[in-house]
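Chemist: Residue numbers (the numbering used here): 56 to 466. Just so it is clear, CB atoms sit at the ideal spot from N, CA and C, and this is done for glycine as well. All figures in this text were calculated on a predicted structure; none of them were measured in a lab. Next up is a structure, given as structure tokens.
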Ligand SMILES: *Cc1c(COP(=O)(O)O)cnc(C)c1O
């Protein structure tokens, strides 16, 4: 299997691990508790032997999905969660303590931005920097710096972080580097290749891919030496240091905080993930064609898409993502067009939040997902009042282009 490609490995993953009755899909296990014929075996599993006890800490179904995510990221181990936010919470709250310093990209998901202010209120120092240049990250370094956090492609401004250079810089300073790979997915880029110690993926987006299940995951790439990390509890400092960080995230984060992925959602995400590469190829191709068509339209003021030569990180995105540029667009219409009226005239685009679905979704950003943040923080993130976010799906691209045009031209 080691030499098979991304999708071959993925679609054969379940049947190559131990599976009942030769089932092609790992059976769905809704059981909350797991029984033992031998009491010593029960105790052994509580004491660290691989196995299942209580479903809050995982089931055979979540374990099968975790194995797939680990394979996609070419990491060493993965813990799954009920949502991407639960995965981020577990990472930040179990690894950072009062007085620690976190350097984060300022171009991050709105709810993650809100989460960082909760962290700051508990005494973690947070510095937001323009992570499109490693020099800004380096300038924020303090003796208390513990972690550096970036998103691969920012939503909705599509800024592409200086990911690889930041990874090299973190390695030089023995800093834990966490990459949220949700927008690029392991198909466009592996966190490990960027130098990340931990990779977070929201499984609710492209990996699940069908807008019908929420999930999140944290993967240890094996690059970070946890014996350098001061905040690992004594009880998890045994055996190889390789597993310490993820053990703490699993025990303190998943077990104690309780944001467990249900077996049902894990199964749906697992099936959805099998076509990740196919969907991403189509979504990225559609996004590029749509971006080019909108960029050329007289009633469109600005298109933010890494695939356009005008994008400030166009060249970097091409290098990092193998000539693909993701499937998210930021679009601003010219002054004088009422964005609400325009949106109401679209027929194929779905007016909805979320991203990474098979369907193309659009929403006015400043009035919805970034409303609570206020104008100042929006300005910092480069979000104009008129900005639309488009998550491009797998439809026939001409239908998307025609729909946007008919709505614009009727204005
Ligand atoms: C959606 C998203 C999250 C949160 O994931 P949920 O599964 O919705 O909780 C985190 N990071 C990024 C970049 C996202 O797009």
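Quick one: what's got a C-beta closer than 8 Å to residue 277's C-beta in the same chain, skipping five residues either side?
Modeler: The sequence position of residue 277 within the chain shown is 222, counting from 1. 130, 131, 247 and 297.
Chemist: In the DSSP output, which residue or residues are listed as bridge partners for residue 156?
Modeler: The residue labelled residue 156 in the question sits at position 101 within the chain shown. In DSSP, residue 156 forms a bridge with 180 and 200.
Chemist: Return the chain-ordered list of same chain residues with a C-beta closer than 8 Å to the C-beta of residue 66, the five sequence neighbours on each side being excluded.
Modeler: By one-based count along the chain shown, residue 66 stands at place 11. 329.
Chemist: Mind checking whether the beta-carbon of residue 291 lies closer than 7 Å to any heavy atom of ligand 2?
Modeler: Judged by which ligands are present, ligand 2 is missing from the structure shown, whose ligands are ligand 1.
Chemist: In chain order, which beta strand (DSSP E) runs of at least 3 residues are fully inside the region 332-405?
Modeler: Counting only runs of 3 or more, we get 355-359 and 383-388.
Chemist: What is the DSSP secondary structure of residue 428, counted as helix, strand or coil?
Modeler: Walking along the chain shown from the start, residue 428 turns up at place 373. Residue state, collapsed to three classes: coil.
Chemist: Once you ignore the five residues that flank residue 388 on each side, which residues in its own chain have a CB closer than 8 Å to its CB?
Modeler: Here residue 388 refers to the residue found at position 333 of the chain shown. Within the same chain, residue 388 has close Cβ partners 354, 355, 356, 394, 397, 441, 443 and 463.
Chemist: Can you grab the Cα-Cα spacing for the pair residue 174 / residue 365, in whole Å?
Modeler: One-based indexing of the chain shown puts residue 174 at position 119. One-based indexing of the chain shown puts residue 365 at position 310. Whole-angstrom Cα-Cα distance: 36 Å.
Chemist: Span of the alpha helix (DSSP H) holding residue 115?
Modeler: The sequence position of residue 115 within the chain shown is 60, counting from 1. Looking at the DSSP string, the run of the alpha helix (DSSP H) that includes residue 115 is 115-128.
Chemist: Once you ignore the five residues that flank residue 237 on each side, which residues in its own chain have a CB closer than 6 Å to its CB?
Modeler: Working through the chain shown from its first residue, we reach residue 237 at position 182. Excluding sequence neighbours, residue 237 sits near 256, 257 and 260.
Chemist: Decide yes or no for the touch test of the region 310-321 against the region 266-276: beta carbon pairs closer than 8 Å, at least 3 of them.
Modeler: The region 310-321, when compared against the region 266-276, does touch it at the 8 Å Cβ threshold.
Chemist: Distance, Cα to Cα, residue 404 vs residue 415?
Modeler: If you number the chain shown from 1, residue 404 lands on position 349. If you number the chain shown from 1, residue 415 lands on position 360. Cα to Cα, the separation comes out at about 5 Å.
Chemist: In terms of residue numbering, what span does the alpha helix (DSSP H) encompassing residue 416 cover?
Modeler: Stepping through the chain shown from its first residue, residue 416 is reached at position 361. Taken as a continuous stretch (DSSP letters only), residue 416 belongs to no alpha helix (DSSP H), being part of the beta strand (DSSP E) at 416-419.
Chemist: Beta-carbon separation of residue 209 and residue 162 under 8 Å?
Modeler: As a working mapping, residue 209 is identified with position 154 in the chain shown. As a working mapping, residue 162 is identified with position 107 in the chain shown. A contact, by the Cβ cut-off of 8 Å.
Chemist: When we look at the beta-carbon of residue 233 and count the other beta-carbons within 10 Å, is it buried (16 or more) or exposed?
Modeler: One-based indexing of the chain shown puts residue 233 at position 178. Buried, because 16 or more other Cβ atoms sit within 10 Å of the Cβ of residue 233.
Chemist: Is the beta carbon of residue 315 within less than 7 Å of some heavy atom of ligand 1?
Modeler: In the chain shown, the residue the question calls residue 315 occupies position 260. Checking every heavy atom of ligand 1 against the Cβ of residue 315, none is found closer than 7 Å.
Chemist: Please name the residue, chosen from 303, 455 and 430, that lies closest to residue 344 on a Cα-to-Cα basis.
Modeler: Within the chain shown, residue 344 is the residue found at index 289, counting from 1. Taking only the C-alpha atoms, the option nearest residue 344 is 455.
Chemist: Who are the Cβ neighbours of residue 288 in its own chain at under 7 Å, not counting the five residues just before and after it?
Modeler: The count along the chain shown starts at 1 and reaches residue 288 at position 233. So the qualifying residues of the chain are 303.
Chemist: Check residue 272 in the structure and name its three-state DSSP category.
Modeler: As a working mapping, residue 272 is identified with position 217 in the chain shown. Here residue 272 sits in strand by DSSP.
Chemist: Name the residue from 434, 453, 72 and 143 whose alpha carbon lies nearest to the alpha carbon of residue 116.
Modeler: One-based indexing of the chain shown puts residue 116 at position 61. Checking every option, the nearest Cα to that of residue 116 belongs to 72.
Chemist: Compare the C-alpha of residue 195 against each of 97, 159, 267 and 61 and name the closest.
Modeler: By one-based count along the chain shown, residue 195 stands at place 140. Looking at the Cα atoms, 159 is the closest of the given residues.
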